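S.K.:
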Amino acid sequence: MPNVRFLLTGDTSLSAEFGSEISERINAQIRAFTIALENSKVPGIVELVPTYRSCMIHYDPGVIRYGELTKKLEDVLGRLDSIAIPPSDVLEVPVLYGGEEMGPDLAYVAEHAGLSEQEVVALHTSTEYLIYMLGFTPGFTYLGGMSDKLETPRLKQPRVKIPAGSVGIAGKQTGVYPIDSPGGWQLIGRTPVKMYDPGRETPILPRAGQYIKFRAIDRAEYDDIAAAAEAGEYVCRTYPRGEAKK
Amino acid sequence: MSITVLQPGLLTSVQDGGRVGYQQFGVSVSGVMDPRAMKLANLLVGNDENEAVLECTMMGPQLRFNTANTIAVTGGDLGATLDNQPVERYAAFVVQAGQTLRFTSLRSGCRAYIAFAGGLDIPEVMGSRSTYMKAKIGGLEGRKLQKEDTLRFRAPNAAPANLAQRRVPPEVSPRREFTVRVILGPQDDLFTDAGIRTFLSETYAVTNEFDRMGCRLDGAVIEHKNGGDIISDGIAFGAIQVPTAGKPIIMLADRQTTGGYTKIANVISVDFGVICQLKGGDTVRFVQTSVEEAQDALLAERAALKALRDTLDPAPKSEPEPGPGPKSEPRKEKGFFRNLFRK
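Residue numbers (my numbering), protein chains in the order written: chain W, 174 to 419; chain X, 21 to 363.
#1: At a CB distance below 9 Å, what residues from the segment 250-269 of chain W approach chain X? Give them in sequence order.
#2: Report the residue from X:LEU318, X:PRO263, X:VAL226, X:SER128 whose alpha carbon sits nearest the alpha carbon of ILE237 (chain W).
#3: According to DSSP, is ASN89 (chain X) helix, strand or coil?
#4: If we count the other Cβ atoms within 10 Å of its Cβ and call it buried at 16 or more, is SER148 (chain X) buried or exposed?
#5: Is there at least one Cβ from chain W nearer than 8 Å to ASN70 (chain X)'s Cβ?
#6: In terms of alpha-carbon separation, which member of W:GLU403, W:GLU247, W:ARG204, W:LEU210 lies closest to ARG178 (chain W)?
#7: Thinking C-alpha only, which one of X:PRO180, X:ASN177, X:ALA259, X:ASN86 is nearest VAL415 (chain X)?
#8: Decide yes or no for the touch test of the segment 188-197 of chain X against the segment 246-264 of chain X: beta carbon pairs closer than 8 Å, at least 3 of them.
#9: Report the rounded CA-to-CA distance for ASP330 (chain X) versus ALA323 (chain X), giving the unit in angstroms.
#10: Taking GLY37 (chain X) as the reference, which of X:ILE216, X:PHE45, X:ASP68, X:LEU126 has the closest Cα?
#11: The beta strand (DSSP E) that contains ILE157 (chain X), what's its start and end?
#12: Taking buried to mean at least 16 other C-beta atoms within 10 Å of its own C-beta, is VAL73 (chain X) buried or exposed?
#13: Within the same chain, show all residues whose beta-carbon is closer than 6 Å to that of PRO268 (chain X), passing over the 5 residues directly before and after it, in chain order.
#14: CA-CA distance, PHE361 (chain X) and TYR110 (chain X)?
#15: Could you check where the beta strand (DSSP E) with ASP238 (chain X) kicks off and where it finishes?
#16: Would you kindly check if the distance between the Cβ of GLN291 (chain W) and the Cβ of MET319 (chain W) is under 8 Å?
#17: List the endpoints of the continuous alpha helix (DSSP H) containing GLY357 (chain W).
#18: Using a beta-carbon distance cut-off of less than 8 Å, what residues from the segment 203-224 of chain W approach chain X?
#19: Give me the chain X residues within the contact set of MET194 (chain W), using Cβ-Cβ distance strictly less than 8 Å, ordered along the chain.
#20: Going along chain X in order, which residues have a C-beta closer than 9 Å to the C-beta of GLY357 (chain W)?
#21: Should the segment 143-158 of chain X be regarded as contacting the segment 32-51 of chain X, the criterion being three or more beta carbon pairs within less than 8 Å?
#22: Given a limit of 7 Å on CB to CB distance, which residues of the segment 175-188 of chain W reach chain X?
#23: Under 7 Å Cβ-Cβ, which residues of chain W neighbour GLN43 (chain X)?
#24: Using DSSP's beta-bridge definition, name the partner residues of ASN286 (chain X).
#25: Just tell me which of X:LEU140, X:VAL107, X:MET153, X:PHE198 has its CA closest to the CA of LEU177 (chain X).
#26: Look at the Cβ atom of VAL263 (chain W), then the Cβ atom of LYS386 (chain W), and state whether they are nearer than 8 Å.
#27: Could you work out which residue in X:VAL290, X:GLY239, X:LEU220, X:ALA214 is closest to VAL226 (chain X) when comparing CA atoms only?
#28: Below 7 Å, is the gap between the Cβ of PRO371 (chain W) and the nearest heavy atom of the ligand PLP?
#29: Report all residues from its chain with a CB closer than 8 Å to the CB of TYR384 (chain W); omit the five preceding and five following residues, and keep chain order.
#30: If we define contact as Cβ-Cβ less than 8 Å, is TYR239 (chain W) a contact residue for chain X?
#31: If we count the other Cβ atoms within 10 Å of its Cβ and call it buried at 16 or more, is SER289 (chain X) buried or exposed?
#32: Shorter than 8 Å from the beta carbon of ILE288 (chain X) to some beta carbon of chain W?
#33: Whole-angstrom Cβ separation of PRO365 (chain W) and ALA402 (chain W), contact assumed at under 8 Å?
#34: Name the two residues that bound the continuous beta strand (DSSP E) containing MET271 (chain X).
#35: Which partner residues of PHE113 (chain X) appear in the DSSP bridge assignment?
#36: At the 8 Å Cβ level, is GLN315 (chain X) part of the contact set with chain B, yes or no?
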């Protein structure tokens, strides 16, 4: 059973803290706990927010008070080792790499790494990136696992507007811009998939604890997927992690 | 079935009880800054307590009614008038078609709330009508009100039952010094004992860096053990962040869902309204309370709101209630309500 501290975050939520570092082990514990808690149907729990180090639990003190809730949480933690947690899903995200419009900084990233553009794309698409958490803006993923070779400093002069779907690198981080926003990431490509669409039944595709794997596509496939996504007909491929990719 | 926005005011937006359930996806909760003011306004006009209202900031709007409806104005006193006659705050009143509601001057607090009987005809986005301006969703096209906007009513009601009873003692007085109750945590152990003492004994001044996302305070530096940076975790409404510079920031309705600064304490739910009615130049002190006391206060507030609703809009009775006389109980609750809200 992991060593967990319950931290007070006001009178309608608490934070179950699993550690104070960024590690896949801690994140896996948080994911298991979150799934177990969702399945346990403890009354009064309103919302769960998993992060790097903790799971924030919002609850209704009209249904369950703080003291009673922490006892229930201890019960769930005690059972955690005996609960079968399904493997994480991998969310496959198609990306058109490079080009002045979609990935204007691919050449710079390649030069900085001492690699060819093709090698950068091969490296970037070879990893399953763990989604540690979402935050900052709707659908923004904090990903872990990028190759050290691709580490590139941010732009000295941030761009005023980066289109939604842009895939970038900033220092040790990589990720996708879910909405149009200003920013200083090195842009290496763009996905036609809408990671965030407030009108869709599932407004945000990625979930904390899942993995993202990027797949390189060409312009023709980009246009096809973009048209399908616009019509609300494109579904990103997901598969259980560790399952042989077809 | 509508109102026309003649002047939008400084920052007027559609807000409700908030967008619950999407924080794990990075979506801010939003919603009103002063939940109790919203709930009272709604109950006074016969709405569900979390129905969408207009939140008006410091300088309120001018609204022309094209359809008669019952409304109530609560929260800070922004000098509301109807066709140039002052209107009673914290009381329901009927506005006739052709009349104009104006806000003339800021007298107390910072934010006023207008509830409309039957609610506003605004589509829900992710289960809420709240405007979340950063992501451009909710409310009217995801933005604050503009001149010549039209807001439609869903089910206006210009003839409410027992109108004369639809009033409660006004809240938000023109004070400038406030005390707010807090629960220490989640990172109080990352501050020195001296830092905690400073936080709980000094007076902090509200700066003008105060928006729907947060309220930045100025005052004595709160000492950390090892700086104010942490690996990001979740942020609750009312969380008091203290970055390395040692000056607190209270996180409010449009806060980001996660953040990487130490949080020394959290304002308790029943005091959110105190914080959100502050403005630049006001001062605030923090006093420590326990989670048990904070939850007692929250449940007492809910009971008082329920008692008010039961008094104004009694549920139709299907059969006689057993036990003690049903007439004496609401009266007792009403007295309790007055004590709770008259601070």
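Just so you know, even glycine gets a beta-carbon here, dropped at the ideal spot from N, CA and C.
All values derive from a computational prediction rather than experimental measurement.
M.R.: Looking at the coordinates:
#1: none
#2: X:LEU318
#3: strand
#4: buried
#5: no
#6: W:GLU247
#7: Residue 415 (chain X) is absent from the structure shown; chain X starts at 21 and stops at 363.
#8: no
#9: 10 Å
#10: X:ASP68
#11: ILE157 (chain X) -> no beta strand (DSSP E), and no H or E assigned at all.
#12: buried
#13: LEU237, ILE260, VAL262
#14: Confidence in PHE361 (chain X) is poor, its pLDDT being 40 and thus under 50, which makes the residue's placement too unreliable to answer from.
#15: 234-238
#16: no
#17: Premise fails: GLY357 (chain W) is in no alpha helix (DSSP H) and is neither H nor E.
#18: VAL219, GLU220, LEU221, VAL222, PRO223, THR224
#19: Position check: residue 194 (chain W) holds Glu in this sequence, whereas Met was assumed. Under the 8 Å cutoff, chain X gives ILE251.
#20: Here the premise fails: no neighbours, minimum Cβ distance about 18 Å.
#21: yes
#22: LEU180, LEU181, THR182, GLY183, ASP184, THR185, SER186, SER188
#23: GLU220, VAL222
#24: X:ILE203, X:ALA259
#25: According to the sequence displayed, residue 177 (chain X) carries Asn and not Leu. The shortest Cα separation from ASN177 (chain X) among X:LEU140, X:VAL107, X:MET153, X:PHE198 belongs to X:LEU140.
#26: yes
#27: X:GLY239
#28: Of the ligands one can find in the structure shown there are none, so the ligand PLP has no counterpart to examine.
#29: SER261, ASP262, VAL263, LEU264, GLU301, TYR302, LEU303, ILE304, ARG414
#30: yes
#31: buried
#32: yes
#33: 6 Å
#34: 269-271
#35: X:ILE91
#36: Chain labels in this structure do not include chain B; the protein chains are W and X.
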